[in-house]
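Residue numbering for the sequence shown follows the working numbering, starting at 150 and increasing by one per position.
Shown next, in structure tokens, is the structure this report addresses.
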Amino acid sequence: MDDLRQDDPHQAAQTHPAAQDHPAAPAHEATRAHEADRADHASQADQADHTDQAHAPDVVARLHTMLRAGLPADAVLTDPDVTASYSRDMASFCAAGTPAAVVLPRTVEQVRHVMRTATELRVPVVPQGARTGLSGAANASDGCIVLSLVKMDRILEISPVDRIAVVEPGVVNAVLSRAVAEHGLYYPPDPSSWETCTIGGNIGTASGGLCCVKYGVTAEYVLGLDVVLADGRLLRTGRRTAKGVAGYDLTRLFVGSEGSLGIVVGAVLALKPQPPAQLVLAAEFPSAEAACEAVCAIMERGHTPSLLELMDGTTVRAVNRLAHMGLPNTTEALLLCAFDTPDPAADLAAVGELCRAAGATEVVPADDAAESELLLQARRLSLTALETLKTATMIDDVCVPRTKLAAMLAGTAEIAEKYGLTIGVCAHAGDGNTHPVVCFDHADEDESRRARESFDEIMALGLALGGTITGEHGVGVLKKEWLARELGPVGVELQRGIKKTFDPLGLLNPGKLF
Ligand SMILES: Cc1cc2nc3c(=O)[nH]c(=O)nc-3n(C[C@H](O)[C@H](O)[C@H](O)COP(=O)(O)OP(=O)(O)OC[C@H]3O[C@@H](n4cnc5c(N)ncnc54)[C@H](O)[C@@H]3O)c2cc1C
């Protein structure tokens with residue numbers, strides 16, 4: 150991430166994780182045409198006017214001139230080879246266009262200049278953080294301005310009394326977490342991508358993470374926002390106080406809005422006191438069903454683990470193969486449970502008993518923080534490890550009520566069998582949030598088709614079980630057809646109305662969500 154913070158934007162582009170270590174990256178190219186076929190034509194038509202206009206050579210030239218009038222020279226990138234490297238996030242199967250320019254502002258005033266310019270020329274704008282997103286929500290559209298916020302990366306204030314941090318959007322999650330820890334404070338939302346992803350991106354997607362089962366998701370920690378609106382006006386929402394109920398909760402509305410309502414240029418984040426170091430337990434199960442039974446028992450008995458994660462057998466073996474971590478290769482499900490309570494060993498002992506009662510064949514509490522961290526490393530490596538099984542992956546993100554978790558995993562296994570595919574599952578089990586990872590060879594047309602169909606069927610299963618199509622990764626391009634199914638016509642109509650109020654010209658992140 151240090152590299153992303155360097156001044157040289159070319160360097161930043163080269164060190165994007167998708168270019169560095171994302172094995173699915175080639176699939177992006179292979180599947181672009183396929184996805185284009187699937188694109189939502191109605192929504193594209195909505196944006197067509199702006200896109201056509203933005204493409205006209207005279208508009209592009211004027212755009213570059215006007216952007217440069219309000220931004221430092223090195224903050225406006227126009228070399229097509231460079232701008233192309235900002236065209237997509239880390240999702241497969243998502244269309245991405247060619248930006249007309251990439252801008253990397255450092256100040257709120259510069260962001261306002263970009264938005265005023267975009268409005269004047271009717272050019273679409275796609276906000277970006279670190280582009281670790283998994284739904285294509287940060288993908289460029291043709292002729293757009295990519296507005297990368299990674300250079301606005303200052304932590305402006307940490308207040309132990311008010312228990313808040315005030316940050317710019319490009320601050321990396323792990324950088325903030327370490328900074329507040331020095332004050333004895335804790336910023337809980339911890340997506341597995343935390344070493345790279347930004348607070349702006351976390352707000353854009355309402356990110357979750359490993360500790361959500363106890364501490365909740367990003368939405369619970371965003372108290373107030375500074376937002377540059379589509380026309381360049383600056384909006385301040387929310388508060389920096391412990392309480393506050395003045396007017397509609399616009400702050401919450403922006404969280405998870407995927408850059409479609411405004412550009413987040415500042416955030417007031419709630420902090421908690423640093424909890425004691427957590428201790429982790431690993432339990433091996435002969436089936437995913439037995440592991441899910443243990444999850445339900447743990448929650449039913451009123452325990453509050455700080456982490457309750459599941460890796461199925463495929464995932465465990467993939468992590469072993471990648472990192473030689475000595476995890477149990479024959480297990481069908483590994484449950485990781487942690488407590489950061491005053492007596493974590495006692496809590497883990499109680500949970501260990503519940504795991505054994507549910508059929509665990511082995512229950513191994515970590516001896517200390519170092520061993521605990523090693524187990525968490527294994528869980529954090531899950532997606533990366535599954536990506537090494539084939540040339541491409543599609544990562545699903547279906548969240549179901551905990552009581553339906555076993556049915557979700559059983560149904561996913563049936564879908565894998567039906568389509569003849571490897572689908573590894575890791576899950577924030579305590580939240581009922583599963584990540585089925587469909588592994589396939591992108592050069593094999595038939596396998597790619599089956600992958601997409603199985604991906605869709607997993608979402609249908611989630612909805613049928615009373616769940617949601619996305620627990621934390623967002624809708625983006627990948628799931629926009631499915632959002633309409635989940636919201637229903639009235640929900641879609643109202644949400645489109647909200648979008649229109651904030652962005653009447655439809656310039657902000659077009660083609661996403663709807
Ligand atoms: C290995 C790996 C593990 C992951 N694990 C998790 C996980 O555990 N939990 C989880 O929730 N996600 C996870 N993700 C997904 C991803 O990291 C998150 O969605 C993250 O929040 C994206 O942050 P980003 O900075 O990369 O944002 P981007 O991907 O660049 O953008 C995400 C969205 O936010 C919008 N956006 C970005 N900045 C702004 C801004 N300043 N103003 C307005 N809109 C903005 C973009 O337009 C886009 O819609 C993982 C991804 C990877 C690759």
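Don't be surprised by glycine CBs; every beta carbon is placed ideally from N, CA and C.
- Between ligand 1 and E621, a heavy atom-to-CB distance of less than 8 Å is present.
- Between M460 and A482, the CB-CB gap stays under 9 Å.
- Between the C-alpha atoms of P477 and S341 there is a straight-line separation of about 22 Å.
- Separation of D375 and A249 (C-alpha to C-alpha, rounded to the nearest whole angstrom) is 26 Å.
- For I618, the three-state secondary structure derived from DSSP is coil.
- Just measuring C-alpha positions, the residue of R261, P585, R271, A222 sitting nearest L656 is R271.
- If only complete runs of 4 or more residues are kept, the stretch 423-458 shows the alpha helix (DSSP H) at 437-449, in order along the chain.
- Among the bridge pairs identified by DSSP, E306 is matched with V315.
- Cα atoms of L253 and D593: separation of roughly 38 Å, rounded to the nearest angstrom.
- The DSSP-derived three-state label of K300 is coil.
- Annotation for M608 indicates a beta carbon at 8 Å or more from all heavy atoms of ligand 1.
- At a Cβ-Cβ threshold of 9 Å, A355 and A432 do not count as neighbours.
- Per the coordinates, the alpha-carbon of G581 lies some 47 Å from the alpha-carbon of P221.
- Counted as a single uninterrupted DSSP element, the beta strand (DSSP E) harbouring M543 occupies residues 541-544.
- For Y335, the beta-bridge partners assigned by DSSP are K421.
- Looking at G625, L662, D652, P653, the one whose alpha-carbon comes closest to that of V641 is L662.
- Going by beta carbons, F589 and T619 fall outside the 9 Å limit.
- Judged by DSSP in its simplified three-state form, P638 adopts helix.
- Inter-residue distance for W631 and F242 is about 14 Å (C-alpha atoms, whole angstroms).
- Runs of alpha helix (DSSP H) with 4 or more residues, each lying fully within the stretch 466-495, are absent.
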